[in-house]
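Everything below concerns the one structure shown next.
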Amino acid sequence: MLPLEPLDIAGTFAPTYAVARARFKDAARAAGGTLDAHVHDSHRGPDGGEIAIDVARFGPEKAETVFMAICGTHGLEGYCGSPVLIDWMRTGGAKRLPKGVGALLVHAINPWGFAHNSRTTESNVDLNRNFVDHEGGKRPENAGYATLHDAICPAEWSDASRAAYERAALATAKEKGEGFLIDSLFRGQYAHPDGVFYGGTKREWSNRKLEEICGTHLKHARRVGVLDWHTGIGKPGEPVILTFNTAGDGLYEQVCSWWGKDFVDAGLFVKGVPRPRYTGLVFQGVQQFAKHAQVAGAVIEFGTKVERMDTFHALRLDVWLKFKAPKGDPRRAAFETEVREAFSLSDPGWQRMVLGQARLLHEQMVQGLGRWR
Ligand SMILES: [Zn+2]
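Be aware that the sequence shown starts at 741, since it is given in my numbering, and climbs by one per residue.
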């Protein structure tokens, strides 16, 4: 069942968001999909062009089971997720959908971040921490992050400030444990708008659009399989599955039936400690917006060239460039490349690994969805 077409690296991995978007739309049309664009109402790309969430729909309109694949939740990670979706369409993915299964591909759920080479939205919000109850005013606390914030986001970007951050992180790990440190850093925080993993104080534009997309395209669905493509965790070019269904329940077992239990279970731990208690995930957004349906699924991460803490270093740099970099800093262009390369490598060898494995992971999930009753 796996498509045998050669991997078209140059034709899928795009140099800019605008090129990625055009290719996504072309591929969707050529594959017979229905397209739907949600154009950003207040922001544009760095070239002045329109930015949008594009949605491609395939299969029966009232499908009871829907394969929902998303890319660009973390903006620039879309440079890796977009090719994966394009490849699926170009290699006949829609034709291989099992009977009764529809596909919903969401391109650039965070189009500002994708277009502007950032992990966050236009408001420095980590979209994958934004789906919490803002109106209720009960945003999760993260005291561990608060103590580290100044070291994470220094005024100056230098070897000395990096070393100071590393000393602060090490001291926290020594005093409270590695698990506490990782949880504090990555879980999400709601008190430092110029920090990393900031979940915001209101629903982002992309958050509201996701609700509209779910309202339109999932209203007949009884079973939804969500696959959100990311990068930055794991060994270079290798996939890591992070499922957010509850370990051991029926939906978790459903996810295991697609990719294998050992592989799914391995994603419950990062570096030997339990995964952070992430809050406000896109996956949780889909659960809220499609309450009538069972929602199973995962984030799939592809590891990049660097270790986890170095990916974290790139995130700090992303935020520093936004808030602290002096005007005309001669290092800006090199730093921007560093941030992009930390999340989507330009190395064709890495790109081939990603695309080839993503084909298999897509196919395993889609065929698994055909068996879900
Ligand atoms: Zn990500």
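Glycine residues also receive a C-beta, built at the ideal position from the N, C-alpha and C atoms.
- With at least 16 other beta carbons inside 10 angstroms of its own, Val966 counts as buried.
- In terms of Cβ geometry, Lys1045 and Leu1085 form a close pair [threshold 8 angstroms].
- Boundaries of the alpha helix (DSSP H) harbouring Gly1025: 1022-1029, taken from the DSSP string.
- Placement of the Cβ of His970 at a distance of less than 7 angstroms from at least one heavy atom of ligand 1 is found.
- At least one heavy atom of ligand 1 is found less than 7 angstroms from the C-beta of Glu817.
- Distances taken from the Cβ of His1053 to the heavy atoms of ligand 1 include none shorter than 7 angstroms.
- Listed as beta-bridge partners of Pro976 by DSSP are Gly1043.
- Proximity of the region 809-816 to the region 966-975 meets the contact definition, three or more beta-carbon pairs being nearer than 8 angstroms.
- Here Gln929 really is in contact with Gly939; their C-beta atoms are around 7 angstroms apart, less than 8 angstroms.
- Between Glu1103 and Leu742, the gap from beta carbon to beta carbon is short of 8 angstroms.
- In this structure, Gly1037 sits away from Phe871, with a CB-CB distance that is not shorter than 8 angstroms.
- DSSP, read as helix, strand or coil, puts Ile791 in strand.
- Residue burial annotation: Val995 is buried, with at least 16 other C-beta atoms found within 10 angstroms of its C-beta.
- CA-CA distance, Lys1064 to Asn864, rounds to 13 angstroms.
- Taking the C-beta atoms as reference points, Ala961 is found nearer than 8 angstroms to Glu804.
- Rounded to whole angstroms, the gap between the alpha carbons of Trp828 and Val1106 is 11 angstroms.
- Taking 8 angstroms as the cut-off, the Cβ atoms of Thr860 and Gly815 count as close.
- Remark: the C-beta of Thr1077 is outside contact range of ligand 1, defined as less than 7 angstroms to any heavy atom.
- Within the same chain, and ignoring the five residues on either side of Tyr1018 in sequence, the residues whose Cβ sits closer than 8 angstroms to its Cβ are Asn868, Arg869, Phe926, Arg927, Gly928, Phe984.
- Note on geometry: alpha-carbon atoms of Tyr992 and Leu1061 lie some 39 angstroms from one another.
- According to the DSSP secondary-structure assignment, Met808 is paired through a beta bridge with Leu844, Val966.
- Of Ala1074, Phe1003, Cys954, the smallest CA-CA separation from Gln1028 is found for Cys954.
- Residue nearest to Val980 within the set Cys820, Ser924, Val1039 is Val1039 (criterion: CA-CA distance).
- If you look at Val1106, you'll find it in the alpha helix (DSSP H) that goes 1088-1111.
- In terms of CA proximity to Asp1050, Tyr905 leads the group Tyr905, Asn857, Asp873.
- It is roughly 22 angstroms from the alpha-carbon of Asp890 to the alpha-carbon of Glu1078.
- Per the DSSP secondary-structure output, Pro1014 pairs in a beta bridge with Phe1009.
- Taking the CA atoms as reference points, Cys820 sits about 9 angstroms from Ala754.
- In the three-state DSSP reduction, Thr941 falls in the coil class, being neither helix nor strand.
- Counting along the chain, Asp890 sits inside the alpha helix (DSSP H) bounded by residues 883-892.
- Checking the DSSP bridge columns, you'll see Ala1038 partnered with Leu967, Thr983.
- The C-beta distance from Ala771 to Phe807 rounds to 14 angstroms, too long to meet the 8 angstroms contact threshold.
- DSSP, reduced to helix, strand and coil, places Thr956 within a helical segment of the structure shown.
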